[in-house]
Amino acid sequence: MRSSANVTQQFMADLLGISLVYYRKMENGDRPLSKQFEKKIRNSFFKKRESSTVFVGTNDYTNIRFQTLNVREVVSKILGLNVENFQLNEYNRYQYPFFISYGHINVYYHDKDIKAGVLIEMSGQACREMEYEFEYHQKQRTWYDFFNDCFLYANTKEPENDDFVKITRFDLALDEQYNPQEGNFDLFKLLTSAREGRWNGRKQNYSAVLGGRRTKEGMINDGLTVYFGSKQTHLFFRFYEKDYERASQEMTSVEAVMKFPCEKKYQPTL
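In structure tokens, the structure reads:
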């Protein structure tokens, strides 16, 4: 459950108010999981939804570029972190000469090309790590505060330069919560509607992927993924059955994954 949520053992220890050593013993089965801790975990991860609540939205991927050579200032003012805590990597990416990382939070920067400047890259796991920093080290900061700080920083540094800050990628993930009584939305119905042309909007094209693979344990179904739009455009949508992805990642069955409330994912990408 912890790995599915992409959080660290330290995060869980802080959540429960215990030491990392104590938590590791519980996770390894060397110490019993008390009813008190079990209740706290369930209340934190499995919140009861109101009848009007269908989705839980999360920031699933973010890339932001700043036209400045001052990487130390960007790390401090935007990420709220200390650049000394970052690791300098020996290899380069995205044609940037320098690449530093803090956990899964990546920062690329130039020392001469100010237009390329500083690029912050946060995958889904990095976003979860950033949220941990928000809650425990940055006075309950939110993503709204984060993006607001980006534009305030740009307005302070170069108010006349509209290109000073640019969000080059933003993935918003909407997870449909598990519904054992009514079931969840059937993506095959969405695919049927697409094939029959029964959808509105500017996106004129769609595609679908349905695959699997043969293993020693038998056939593994990778689930259905339906795309609207193209990755070459500014906005496209991806619908997929997250249960199959989680089952593959955790090397378990889809039935085992379905016991925990995290089902299909609907992902508009900007």
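According to our numbering, the residues represented by the sequence shown are 116 to 385, in order.
Using N, Cα and C, we set each Cβ at its ideal position, and we do this for glycine too.
Fair warning: this is a prediction, and the values are worked out from it, not measured in the lab.
Which of helix, strand or coil DSSP assigns to residue i
i           : result
residue 177 : strand
residue 203 : strand
residue 194 : helix
residue 159 : helix
residue 129 : helix
residue 353 : strand
residue 117 : coil
residue 145 : coil
residue 169 : coil
residue 211 : strand
residue 341 : strand
Whether residue i touches residue j by CB criterion (9 Å)
i           : j           : result
residue 302 : residue 324 : no
residue 278 : residue 230 : yes
residue 198 : residue 215 : yes
residue 283 : residue 239 : no
residue 211 : residue 234 : yes
residue 79  : residue 155 : With the chain covering 116 to 385 only, the question about residue 79 has no answer from this structure.
residue 351 : residue 359 : no
residue 258 : residue 244 : no
residue 202 : residue 217 : yes
residue 194 : residue 248 : yes
residue 138 : residue 189 : no
residue 337 : residue 329 : no
Residue i classed as buried or exposed, judged by whether at least 16 other C-beta atoms fall within 10 angstroms
i           : result
residue 136 : exposed
residue 182 : buried
residue 286 : buried
residue 153 : exposed
residue 209 : exposed
residue 305 : buried
residue 180 : buried
residue 349 : exposed
residue 150 : exposed
residue 353 : buried
residue 145 : exposed
residue 377 : Low confidence applies here, because residue 377 scores a pLDDT of 47, under 50, leaving its location unreliable; read the following figure in that light. Buried, since its Cβ has 16 or more Cβ neighbours within 10 Å.
residue 357 : buried
Nearest-angstrom Cα separation, counted from residue j out to residue i
i           : j           : result
residue 264 : residue 232 : 17 Å
residue 326 : residue 361 : 15 Å
residue 379 : residue 275 : Unreliable placement is indicated for residue 379, whose pLDDT of 48 sits below 50; the coordinate value is still reported in the next sentence. Near 43 Å, if we compare the C-alpha coordinates of residue 275 and residue 379.
residue 170 : residue 160 : 14 Å
residue 322 : residue 288 : 19 Å
residue 385 : residue 132 : Low per-residue confidence applies at residue 385: pLDDT is 47, beneath 50, and the placement is therefore not dependable, though the value from the model is reported in the following sentence. Using only the alpha carbons, I get a separation of about 38 Å.
residue 292 : residue 251 : 26 Å
residue 147 : residue 334 : 36 Å
residue 280 : residue 298 : 43 Å
residue 266 : residue 260 : 10 Å
residue 177 : residue 241 : 9 Å
residue 157 : residue 127 : 12 Å
residue 236 : residue 344 : 24 Å
residue 117 : residue 125 : 11 Å
residue 262 : residue 254 : 16 Å
residue 311 : residue 355 : 19 Å
residue 213 : residue 204 : 8 Å
residue 294 : residue 300 : 10 Å
residue 122 : residue 175 : 14 Å
Check your understanding: Along the chain, which unbroken stretches of the beta strand (DSSP E) at least 3 residues long are found entirely within the region 280-329?
Key -> 280-291
Check your understanding: Curious, which full-length alpha helix (DSSP H) runs of at least 4 residues does the region 219-282 contain?
Key -> 239-252, 258-272
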